[in-house]
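Worksheet: the structure to be examined is printed underneath.
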Amino acid sequence: MKEFPDVIAWSIPAFVLLIVLERVSYLLHRDDDEVGYGGADTATSLAMGLGSIFTDLLWKVPIAAAYALLYALTPLRVAEVWWTWPLILLAQDFFYYWSHRGHHVIRILWASHVVHHSSQRFNLSTALRQPWTGLTSWVFYIPLILIGVHPAVVAFCGSVNLLYQFWIHTERIDRMPRWYEAVFNTPSHHRVHHASQGGYLDRNFGGILIVWDRLFGSFAAERERCVYGLTKNVGSYNPVRVAFHEYASIARDLRAAATWRHRVGHLFRAPGWQPAPGAVRAVGPARPDGRTSSAPG
Numbered sequence: 001m002k003e004f005p006d007v008i009a010w011s012i013p014a015f016v017l018l019i020v021l022e023r024v025s026y027l028l029h030r031d032d033d034e035v036g037y038g039g040a041d042t043a044t045s046l047a048m049g050l051g052s053i054f055t056d057l058l059w060k061v062p063i064a065a066a067y068a069l070l071y072a073l074t075p076l077r078v079a080e081v082w083w084t085w086p087l088i089l090l091a092q093d094f095f096y097y098w099s100h101r102g103h104h105v106i107r108i109l110w111a112s113h114v115v116h117h118s119s120q121r122f123n124l125s126t127a128l129r130q131p132w133t134g135l136t137s138w139v140f141y142i143p144l145i146l147i148g149v150h151p152a153v154v155a156f157c158g159s160v161n162l163l164y165q166f167w168i169h170t171e172r173i174d175r176m177p178r179w180y181e182a183v184f185n186t187p188s189h190h191r192v193h194h195a196s197q198g199g200y201l202d203r204n205f206g207g208i209l210i211v212w213d214r215l216f217g218s219f220a221a222e223r224e225r226c227v228y229g230l231t232k233n234v235g236s237y238n239p240v241r242v243a244f245h246e247y248a249s250i251a252r253d254l255r256a257a258a259t260w261r262h263r264v265g266h267l268f269r270a271p272g273w274q275p276a277p278g279a280v281r282a283v284g285p286a287r288p289d290g291r292t293s294s295a296p297g
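Under the UniProt record's numbering, read the sequence shown as residues 1 to 297, first letter to last.
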């Protein structure tokens, strides 16, 4: 059985140290255009991150079993040699793009991912605000398994991708050099991704590379100050509510739905979708909680 270091677990001390240093930087040099830190918000982000560590352990069992089965069934094998590693990382980042995009435009997937967008602040602690229902991404990486990439390699590359994304959750860095901004995901690009105003909604899905967004029409440059959070914010710092509020909203919409077509729509259409007026049973207002998708494509 292949084993690779758990780069996320090993990086936790560095995450905490960098969060502390960023917080101190706001105390020493406040910028009025930056929202900075809030005590309750940071505590919620840290609680969500700690919770995700334990819930991910549960989800890893069925995911690992499914990947192992698929890997055993495929006759293909990709060797881990010096020249295949960059290609595997590139492929993983490509499928991450589509996973991330899917989690913005399909509501039942958004119900998990919405947690990461629920903060109205944008700082390094926001990177740790992770969902507790992380069972929704694994299907996007099945092609990697079927072409013969070992499941442990897929998991390791996913951890590298997430590790890269930690540092781009900051307002303290304005712009990187132009060549870097053209190819890689940066704080500027990711601020757009976390913004809730119309022109920025559902943009910049890339993990390490921003080239996928440029290729597939989902790129937006940072031009105006970002307003972070959701189009309808959670209004609570309770980690349990943050983790499950969109699932509760979906349940309300399903109860109110008049037809099975509408129920399917509430699950698989874009966040914020509602049937035409008059097509909902009178059992109380349906209240979609999250962003109204304006995703291209």
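Note that beta-carbon positions come from the ideal geometry of N, C-alpha and C, so glycine has one too.
In the structure shown, F184 adopts extended strand secondary structure according to DSSP, grouped into three states.
About 5 Å separates the beta carbon of E246 from that of V114, a gap short enough to meet the 8 Å contact definition. If you check the CB distance, R191 and F244 do not come in under 8 Å. The C-beta of P275 has 16 or more other C-beta atoms within 10 Å across all chains shown, which makes the residue buried. Measuring C-alpha to C-alpha distances from L135 to each of T55, D253 and G36 identifies T55 as the nearest.
Taking the C-beta atoms as reference points, H189 is found no nearer than 8 Å to C226. Counting the other CB atoms within 10 Å of its CB gives S119 a total of 16 or more, which places it among the buried residues.
In terms of Cα proximity to A43, the closest of V16, V139 and P62 is V16. Counting along the chain, no alpha helix (DSSP H) covers C226, and no H or E run does either. The beta carbon of V81 lies closer than 6 Å to none in the same chain, with the five residues before and after it left out. By the Cβ test, the segment 207 to 218 is not in contact with the segment 228 to 242, since fewer than three Cβ pairs between them sit closer than 8 Å. Looking at the DSSP output, L209 bridges to F184. Straight-line spacing of the CA atoms in H266 and P277 works out to 15 Å. Beta-bridge annotation (DSSP): A195 is paired with Y228. Non-local beta-carbon contacts of F184 in its own chain, meaning distances under 8 Å to residues more than five positions away in sequence, involve M176, I208, L209 and I210 in chain order. In the structure shown, P177 adopts coil according to DSSP, grouped into three states. Looking only at L230, L46 and I53, the smallest Cα-Cα distance to T126 is reached by L46. Here the alpha carbon of R261 sits roughly 30 Å from the alpha carbon of G229. Rounded to the nearest whole angstrom, the CA to CA distance from C157 to L109 is 22 Å. With contacts defined by Cβ atoms closer than 8 Å, F216 and I106 do not form a contacting pair. For L89, same chain residues with a beta-carbon under 6 Å away, outside a window of 5 residues either side, are C157 in chain order. Within the model, the alpha-carbon separation for E34 versus L27 is close to 12 Å.
Judged by DSSP in its simplified three-state form, Q92 adopts helix. Secondary structure of Y237 (DSSP, three-state): coil.
In this structure, F95 sits near L144, with a CB-CB distance shorter than 8 Å. With a cutoff of 8 Å on beta-carbon distance, S137 and S99 are scored as near each other. The beta carbon of Y67 sits closer than 6 Å to the beta carbons of I145 and P151 from its chain, once the five residues preceding and following it are set aside; these are given in chain order.
Within the model, the alpha-carbon separation for L58 versus W132 is close to 10 Å.
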